[in-house]
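Sequence order for the protein chains is B and X. The first sequence runs contiguously to residue 477 in the working numbering. The second sequence runs contiguously to residue 742 in the working numbering.
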Amino acid sequence: DGGITQSPKYLFRKEGQNVTLSCEQNLNHDAMYWYRQDPGQGLRLIYYSQIVNDFQKGDIAEGYSVSREKKESFPLTVTSAQKNPTAFYLCASSNTMNTEAFFGQGTRLTVV
Amino acid sequence: GIQVEQSPPDLILQEGANSTLRCNFSDSVNNLQWFHQNPWGQLINLFYIPSGTKQNGRLSATTVATERYSLLYISSSQTTDSGVYFCAVEPGGGADGLTFGKGTHLIIQP
Chain B
366 DGGITQSPKY LFRKEGQNVT LSCEQNLNHD AMYWYRQDPG QGLRLIYYSQ
416 IVNDFQKGDI AEGYSVSREK KESFPLTVTS AQKNPTAFYL CASSNTMNTE
466 AFFGQGTRLT VV
Chain X
633 GIQVEQSPPD LILQEGANST LRCNFSDSVN NLQWFHQNPW GQLINLFYIP
683 SGTKQNGRLS ATTVATERYS LLYISSSQTT DSGVYFCAVE PGGGADGLTF
733 GKGTHLIIQP
């Protein structure tokens, strides 16, 4: 069935390591997004991509990187430059005209 | 950037009660969505409603774009309605991402 798949659900990282979160969608959406959620807070936009091979910084892009080599995939790398990476990460996708966004189930990242 | 304010921040009700959640935004929007976040963190789409009124069962929503607010109504609340309700907006004309409010934490007591 159609949807957005994020993996893994839980991820533990040692300080100083890079880690990559996966996001795959089969909704044939052009646009994809990454958000971060901290406890008791709303979501904040990290990066977004409206088309393959192009992406834009969101409000909190520092310490993160992305790629968009395929329409279906938008992986997020949390680099060692991200000072406070422990958070809940959500991926979303939408069309570019009707921009109703749909979300994956999220990845909980913990730095140990 | 655009500001989104949700009220109230917390709401505790008895089962069967009705509630109204409010979302104010500071600029014109191309997209407005209401979500319910379940205990596992999943965001459930409730309404895509940049303007007008929609209903889905016990839930309904109204957005008055000219006055920059939206309302989510929940009637005959059930314990399964508990959770956090988010309003999110997207200004502009393209897929530039949503700006979220801080949410309303709703607790329905049996």
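Note that the Cβ used here is the ideal one computed from N, Cα and C, for glycine as well.
Under DSSP, the beta strand (DSSP E) around X:L653 begins and ends at which residues? S651 to F657
List the residues of chain X that B:S459 touches, going by C-beta distances under 7 angstroms, in chain order. A727
Quick one: what does DSSP say B:A396 is sitting in, helix, strand or coil? strand
First through last residue of the beta strand (DSSP E) which encompasses X:L738: T736 to Q741
Using a Cβ cut-off of 7 angstroms, pull out every chain X residue sitting near B:Y398, in sequence order please. What B:Y398 touches in chain X: G729.
Give the DSSP bridge partners of X:R663, in chain order. The amino acid occupying residue 663 of chain X in the given sequence is Asn; Arg does not appear at that position. The partner list for X:N663 (beta bridge, DSSP) reads X:E722.
Bridge partners for X:Q635 per DSSP, in chain order? The partner list for X:Q635 (beta bridge, DSSP) is empty, contrary to what the question assumes.
Spatial neighbours of X:G733 within its chain, please: C-beta separation below 8 angstroms, excluding the five flanking residues on both sides. V636, E637, Q638, C655, F718, C719 and A720
Under 8 angstroms, Cβ to Cβ, is there at least one residue of chain X near B:E465? yes
Quick check on the DSSP output: the beta strand (DSSP E) that includes X:I706 runs from which residue to which? Y701 to I706
Please confirm whether B:S459 and B:F467 have their CB atoms less than 8 angstroms apart. yes
Check whether the segment 699 to 709 of chain X and the segment 372 to 388 of chain B touch, using three or more Cβ-Cβ pairs below 8 angstroms as the test. no
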